[in-house]
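Chains D and E, in that order, give the protein sequences.
Under UniProt numbering, the very last position in the first sequence is 204; numbers go up by exactly one each time.
Under UniProt numbering, the very last position in the second sequence is 204; numbers go up by exactly one each time.
Note that beta-carbon positions come from the ideal geometry of N, C-alpha and C, so glycine has one too.
2 protein chains.
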Amino acid sequence: MTETGAAPAPLGRRERKKAATRQAIADAALDLFLERGYDDVSIREIADAADVSTTTLFKHFSGKEALVFDRQDEMKAHQLAVVRERPRGQSIPVALREHALRYRQINPDDEPEAAAFLDLVGRTPALLDYQHAAWLENTTALARIIAEDSGLPADDPACTALAHFALEAPRAARHHQDRAEAITRAFDLLEQGWQSITSGTHKP
Amino acid sequence: MTETGAAPAPLGRRERKKAATRQAIADAALDLFLERGYDDVSIREIADAADVSTTTLFKHFSGKEALVFDRQDEMKAHQLAVVRERPRGQSIPVALREHALRYRQINPDDEPEAAAFLDLVGRTPALLDYQHAAWLENTTALARIIAEDSGLPADDPACTALAHFALEAPRAARHHQDRAEAITRAFDLLEQGWQSITSGTHKP
DNA sequence: AAAATAAGTGCAACCGATGCACTTTTGAAA
DNA sequence: TTTCAAAAGTGCATCGGTTGCACTTATTTT
């Protein structure tokens, strides 16, 4: 009753509690994962650590992988923003390339949390797959942006192809020692092809 | 006692029985899958139908998906062969494109079994993912062929990128009504890019 | 105050998969 | 032939992820 303030947003007590529970679960999960590795932590353990039942856990998260990528939505939005707000004159493939390269460049001394997180994902195949699948969900949105930008029809298959390949580029570079260079070369291929398609060749 | 012949190949009784068991399992699995759908058939049912234990089943197949793609090895080999034995003068991307297009063109009236199989795979996400992963395992081999053919170093990232993207092309075309056209356009992008890379830039 | 809503609980169960100890078959050596 | 070791197969128990169901709370609405 005496609690007056603390209601800046239109969030009822209920929704706040829900959010808190969700956060508690995600935090507990990430702690355990970082400490012992993804595969060596069970759902039951996480639920115990967060002091909820496994049933409750699965009402908040669609699966085990989703516990790790709690904020994947933000990353996806960020990726699209990078393309939309790219410097004038910069091509879309280049913007995507820069984004891909930047993502891999986090300094362990600078951002230890982010580094540990990336490491966790990087050494867990299940997480790599999940992340990549989520990544690809941006294909359609990205294709639309490309189409708008180049004046092609919104459903032009070439736009989808470029979007898909660009999102796939980091994976294509996976097995090379120098990943950054491999990514660059993959994007070179795409950019050259894209130039040919959008400029010349159409009508001889 | 009266069984005299029937040992033309260097296959002992043992290996024949093993192969028979494996085949029985795969057949039972495919029958059930086609009849009721992949997700609605359990491993235990398949094992029962083939009259073996689940333990035995898993000694023959690495997982549930592997029951469906019993002959994936042949398909992979075939794919590489298509590239190696392509008509003189035909580029590698074109050979891959033709192969990709041909794979999708099976006439239900002509090859009902193959059609039913493709349909089963096509409507089961788990199987699509598994198939695609197996598909991508050809990336390295394909990259090597591309490198040899174009005189680039065997580990040139551009070759890996082209191989990866080409294998990815069918997926990029997934959401278009006219899949064949979408695949063609995706390969156009790759081919143009590849030409630019291999013709120009080498040594000015 | 009562009814409607939604969070959370507890439990049992299913499914894919694995490990272990055990029996049977089979190929070949003794 | 007898014997022996490897390999195939079995049975069972168990694990971890996931879901369904019936049930108790807490909060919101009427």
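Output yes if chain E places a C-beta closer than 7 angstroms to the C-beta of residue i; else output no.
i, result
"R179(D)", "no"
"S196(D)", "yes"
"G151(D)", "no"
"A186(D)", "yes"
"A147(D)", "no"
"L101(D)", "no"
"A141(D)", "no"
"A172(D)", "yes"
Since residue i is in the alpha helix (DSSP H), which residue starts that stretch and which ends it?
i, result
"E35(E)", "13-36"
"T145(D)", "According to the sequence as given, residue 145(D) is Ile; it is not Thr. Element bounds for I145(D): 139-150."
"H99(D)", "92-104"
"V52(E)", "That residue, V52(E), is in no alpha helix (DSSP H); it is neither H nor E in DSSP."
"A81(E)", "72-84"
"R185(D)", "179-198"
"D129(D)", "125-136"
"P108(D)", "It is not in any alpha helix (DSSP H) - P108(D) carries neither H nor E in the DSSP assignment."
"P170(E)", "157-172"
"A66(E)", "64-68"
Who are the Cβ neighbours of residue i in its own chain at under 6 angstroms, not counting the five residues just before and after it?
i, result
"residue 219(D)", "Residue 219(D) is absent from the structure shown; chain D starts at 1 and stops at 204."
"A28(E)", "I46, A49, A50"
"H164(E)", "T139"
"R14(E)", "none"
"G193(D)", "none"
"R97(D)", "F187"
"H176(E)", "A182"
"K59(D)", "none"
"residue 235(D)", "The structure shown does not extend to residue 235(D), since chain D is modelled only from 1 through 204, so no value can be given for it."
Excluding the five sequence neighbours on either side, which residues of its own chain have a C-beta within less than 7 angstroms of the C-beta of residue i, listed in chain order?
i, result
"V52(E)", "T21, I25"
"L101(E)", "A180, I183"
"A95(D)", "V82, V83, R86"
"D70(E)", "A26"
"G156(D)", "One detail in the question is off: residue 156(D) reads as Asp in this sequence, not Gly. The residues are A147."
"R185(E)", "none"
Could you confirm whether any beta carbon from chain D is found closer than 7 angstroms to the beta carbon of residue i?
i, result
"E65(E)", "no"
"Q131(E)", "no"
"R13(E)", "no"
"G89(E)", "no"
"H176(E)", "yes"
"L189(E)", "yes"
"A182(E)", "yes"
So, under 8 angstroms CB-CB, residue i and residue j are touching, yes? Tell me the CB distance rounded to an integer number of Å.
i, j, result
"A116(E)", "L34(E)", "6 angstroms"
"A154(D)", "A147(D)", "5 angstroms"
"I197(E)", "A169(E)", "That pair is no contact at about 17 angstroms."
"S62(E)", "E191(E)", "Actually they are not in contact, since the Cβ atoms of S62(E) and E191(E) sit about 36 angstroms apart, beyond 8 angstroms."
"L30(D)", "V68(D)", "7 angstroms"
"E137(E)", "K64(E)", "No, E137(E) and K64(E) are not in contact; Cβ-Cβ is about 19 angstroms, not under 8 angstroms."
"L118(D)", "I106(D)", "6 angstroms"
"Y38(E)", "A126(E)", "7 angstroms"
"T54(D)", "R44(D)", "6 angstroms"
"L80(E)", "A141(E)", "6 angstroms"
Which residues in the same chain as residue i place their Cβ atom closer than 8 angstroms to its Cβ, once the five residues preceding and following it in sequence are excluded?
i, result
"G122(D)", "L128"
"R171(E)", "H132"
"T201(D)", "In this predicted model, T201(D) has a pLDDT of only 45, less than 50, meaning its place in the structure is not dependable; the value taken from the coordinates is given anyway. Excluding positions up to five away in sequence, the list is empty."
"P112(D)", "none"
"D149(D)", "I92"
Is residue i near the ligand ZN, judged by its Cβ being under 6 angstroms from some heavy atom?
i, result
"C159(E)", "Judged by which ligands are present, the structure shown has none, so any question about the ligand ZN falls away."
Quiz item: Which residues, taken in chain order from the region 106-129 of chain E, show a beta carbon closer than 7 angstroms to some beta carbon of chain D?
Solution: Residues passing the 7 angstroms Cβ filter: none.
Practice problem: Give, in chain order, every residue of the region 153-168 of chain E whose Cβ lies closer than 7 angstroms to some Cβ of chain D. | Solution: Residues P157, A158, T160, A161, L162, H164, F165, E168.
Quiz item: Mind listing which residues of the UniProt domain "HTH tetR-type" (19-79) of chain D have their C-beta closer than 8 angstroms to chain E's C-betas, in chain order?
Solution: Of all residues in the UniProt domain "HTH tetR-type" (19-79) of chain D, none is placed with a Cβ closer than 8 angstroms to any Cβ belonging to chain E.
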